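Heads up: the structure comes next, in structure tokens.
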Amino acid sequence: MCGIVGYVGPRRAEEILLAGLSRLEYRGYDSAGVAILTPQGLALIRQVGKLENLRRAVLEASPAGNLGIGHTRWATHGLPTEENAHPHLDCTGKIAIVHNGIIENHRELRERLAQRGHVFRSQTDTETLVHLVEEYYAGDLVEAVRKAVLDARGAYAIAVIHADHPKEIVVAREGSPLVVGLLPGEGFLASDVPALLPYTRTFHFLEDGDVARISPGKLEIWDRQGNRKDPKFRDVPWDPFSAEKLGYRHFMEKEIYEQPRAVADTLRSEISTPWEEGLGKVDLSQVDHIYLVACGTSYHAALVAEYLWEPLLGVPVAAEIASEFRYKRPAVGKNTLIVAVSQSGETIDTLMAVRGAKEKGAQVIGVVNIVGSAIAREADAVFYTRAGLEIGVAATKTFTAQLAALGLLGLWLGRAKGVLSEAELIQAREELSRAPRLVEEVLKLGPTIEALAQRFYNFQNFLYLGRGILYPLALEGALKLKEISYIHAEGYAAGEMKHGPIALIHEGMPVVVLYSAEELPEKVLSNIQEAKARRGILIVLADDAPEELRELADHLVLLPRASRTLLPFTFTPPLQLLAYHIARLRGTDVDQP
């Protein structure tokens with residue numbers, strides 16, 4: 047999850063680059079660097095470790111220049127060393143490049159270029175690109191970059207500067223995001239919007255295959271064949287304060303407590319939209335199968351939708367991990383609906399799954415948080431979550447916003463399929479509109495959850511169990527804990543416990559159980575008894591507390607009662623808080639695991 051920033055204009059480039067990179071720290075990195083054009087030529091400064099190391103090195107070097115590119119690197123090819131950090135230079139020292147993504151054919155390119163006399167100084171795939179640009183450069187930097195990326199296979203977002211072109215940054219993208227902002231006499235570039243929010247809220251999102259030149263106050267774009275394209279700038283309704291902690295200890299904590307607003311904003315933006323308008327040109331009359339494709343936390347939101355949609359719609363609904371779905375040759379055709387769930391709208395596996403399905407005639411609905419993102423552009427209809435900017439790497443408010451969006455989208459699909467009357471749709475929307483208040487209510491349990499974390503933060507293994515619609519939430523709770531605390535945690539369907547996972551339960555092992563009166567309570571009680579017989583420590587989140595449950599639970603957290611549809615909104619925040627406080631107490635880097 048690397049970060050890119052670029053600037054051309056009258057200001058000192060190093061200040062813009064360092065500030066932008068600091069706003070992209072949430073993406074994670076192990077090294078960082080900048081290349082700035084000074085009167086003496088390109089100044090290259092790179093450091094391993096935290097951005098503060100780079101900041102000190104830049105302050106010491108004090109490179110005076112108005113054109114530059116910067117990068118935070120997460121090592122994929124080559125160790126995290128200064129030599130492997132970006133930017134990389136060509137043999138002449140006049141061309142610098144930064145790159146996000148993976149060049150799949152870098153070995154063959156490296157061999158070809160080495161035979162041509164190019165000298166490599168790093169182990170990275172990125173360095174092949176800067177030597178390709180050097181190889182093709184004949185005075186036109188745009189054309190050199192265009193030819194270079196035609197030779198590359200894989201995903202990339204690149205930014206290139208040249209000492210002989212002091213007023214331009216040339217960029218290209220394929221499968222990895224880049225955004226451009228302009229002001230009079232200035233040009234800004236980043237891999238994500240937060241880096242540029244202090245300067246502008248109007249952006250052009252580059253598309254796959256684009257090659258572009260950013261110069262002071264100007265953006266020019268070409269496609270792969272060299273044909274000109276017109277920029278399309280869009281307003282992003284985020285503010286710079288979204289990237290500030292505002293008194294919270296971590297962004298993750300702040301974003302957990304922003305969930306009532308994120309859910310409310312998501313529902314408010316669409317809840318009064320007529321379903322015909324919301325679904326746009328999507329035709330459900332012949333749809334006989336629905337796939338929800340997603341990755342990570344978004345996949346867990348998709349699983350929740352599977353549990354809600356299939357009994358409502360009466361057609362097969364399956365949540366699929368996008369990185370598997372795109373390669374397994376699924377039975378997809380014109381009667382298939384694909385729902386692509388992605389916070390960024392740029393998740394490469396999800397995007398490629400969408401493209402593969404569209405090639406086979408499937409219709410696509412995107413559920414994304416970023417206006418103008420690739421999935422939003424390529425879908426037949428799009429449902430925007432309104433979670434705002436999420437800085438913490440571990441998704442929190444975007445997850446609950448996705449739950450809200452998928453809940454409402456399911457109602458639209460039900461109305462379009464004729465299984466819901468207009469009156470039933472209105473009633474179901476009113477029920478869903480209770481979600482923000484439920485999230486707000488359950489967040490008041492913060493001190494209770496923090497006390498639990500104090501008790502368990504030194505444990506090394508956790509098991510999470512849930513049934514029905516609570517099973518995806520058990521998966522999500524386990525993912526959050528392992529992601530930010532580095533504790534081994536596994537989520538399972540409670541009914542599967544006896545088919546293997548029960549062997550893991552031993553005396554003193556924490557077992558987090560999700561119990562609801564709305565979702566097979568007798569069955570879950572039986573599973574709790576099985577875990578208790580193995581002397582596990584039972585941490586039970588429950589919206590009902592029969593006497594037997596009270597006797598079995600070692601720690602019982604009572605949640606507000608809610609309908610089955612709303613259970614994800616009552617059970618999710620406590621799971622997030624438990625993971626957050628355990629990670630905080632263990633001293634991990636919560637926002638940048």
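All residue numbers for the sequence shown refer to my numbering, where the first residue is 47 and numbers rise by one.
Note that CB positions come from ideal geometry on N, CA and C, so glycine has one too.
Bear in mind that the values here come from a model prediction, so they are computed numbers and not experimental data.
So, for residue i: in the same chain, excluding its five sequence neighbours on each side, which residues have a beta-carbon less than 8 angstroms away from its beta-carbon?
i           : result
residue 254 : 219, 220, 221, 420
residue 269 : 255, 256, 257, 275
residue 596 : 602
residue 125 : 169
residue 612 : 477, 478, 480, 481, 484
residue 605 : 488, 491, 587, 588, 589, 616, 617, 620
Can you grab the Cα-Cα spacing for the pair residue i / residue j, in whole Å?
i           : j           : result
residue 338 : residue 161 : 47 angstroms
residue 627 : residue 484 : 21 angstroms
residue 476 : residue 434 : 24 angstroms
residue 579 : residue 509 : 15 angstroms
residue 367 : residue 387 : 10 angstroms
residue 86  : residue 248 : 34 angstroms
residue 196 : residue 176 : 13 angstroms
residue 401 : residue 375 : 13 angstroms
residue 382 : residue 470 : 26 angstroms
residue 533 : residue 523 : 12 angstroms
residue 494 : residue 300 : 18 angstroms
residue 157 : residue 390 : 36 angstroms
residue 272 : residue 91  : 33 angstroms
residue 204 : residue 551 : 48 angstroms
residue 206 : residue 213 : 12 angstroms
residue 370 : residue 394 : 12 angstroms
residue 549 : residue 359 : 38 angstroms
residue 455 : residue 449 : 10 angstroms
residue 294 : residue 75  : 23 angstroms
residue 129 : residue 518 : 43 angstroms
residue 528 : residue 347 : 18 angstroms
residue 7   : residue 166 : Residue 7 lies beyond the range of the chain shown here (47 to 639); nothing can be said about it.
residue 415 : residue 444 : 8 angstroms
residue 260 : residue 234 : 8 angstroms
residue 554 : residue 352 : 34 angstroms
residue 543 : residue 572 : 11 angstroms
residue 140 : residue 211 : 10 angstroms
residue 403 : residue 102 : 49 angstroms
Return yes when the Cβ of residue j is within less than 9 angstroms of the Cβ of residue i, no when it is not.
i           : j           : result
residue 258 : residue 225 : no
residue 284 : residue 457 : no
residue 118 : residue 178 : no
residue 251 : residue 446 : no
residue 563 : residue 511 : no
residue 238 : residue 70  : yes
residue 582 : residue 556 : yes
residue 155 : residue 198 : yes
residue 539 : residue 513 : yes
residue 636 : residue 298 : yes
residue 623 : residue 302 : yes
residue 439 : residue 575 : no
Using a Cβ-Cβ distance cut-off of 9 angstroms, determine whether residue i contacts chain C.
i           : result
residue 217 : The structure shown contains no chain C; it holds only a single protein chain.
Could you name the residues of the same chain whose beta carbon sits closer than 6 angstroms to that of residue i, not counting the 5 residues immediately before and after it, in chain order?
i           : result
residue 327 : 426
residue 428 : 412, 422
residue 89  : 82, 109
residue 193 : 182
Taking 7 angstroms as the limit between beta carbons, can you name the residues of its chain near residue i, skipping five residues before and five after?
i           : result
residue 59  : 53, 82, 111, 112, 113, 114
residue 491 : 603, 620
residue 462 : 321, 325, 330
residue 406 : 378, 379
Taking residue i as the reference, which of the options has the closest Cα?
i           : options            : result
residue 168 : 340, 140, 131, 183 : 131
residue 620 : 293, 499, 528, 350 : 499
residue 163 : 594, 138, 271      : 138
residue 608 : 281, 202, 479, 192 : 479
residue 344 : 142, 49, 635, 521  : 521
residue 357 : 182, 303, 515      : 515
residue 136 : 174, 202, 105, 104 : 174
residue 84  : 56, 78, 96         : 56
residue 625 : 584, 525, 581      : 525
residue 240 : 436, 463, 486      : 436
residue 398 : 373, 465, 417      : 373
residue 229 : 279, 199, 384      : 279
residue 410 : 120, 78, 159, 335  : 335
residue 120 : 50, 396, 246       : 50
Within 8 angstroms, do at least three Cβ pairs link the segment 627-635 to the segment 501-518? yes
I want to know whether the segment 582-593 touches the segment 563-570 - three or more CB-CB distances under 8 angstroms. yes
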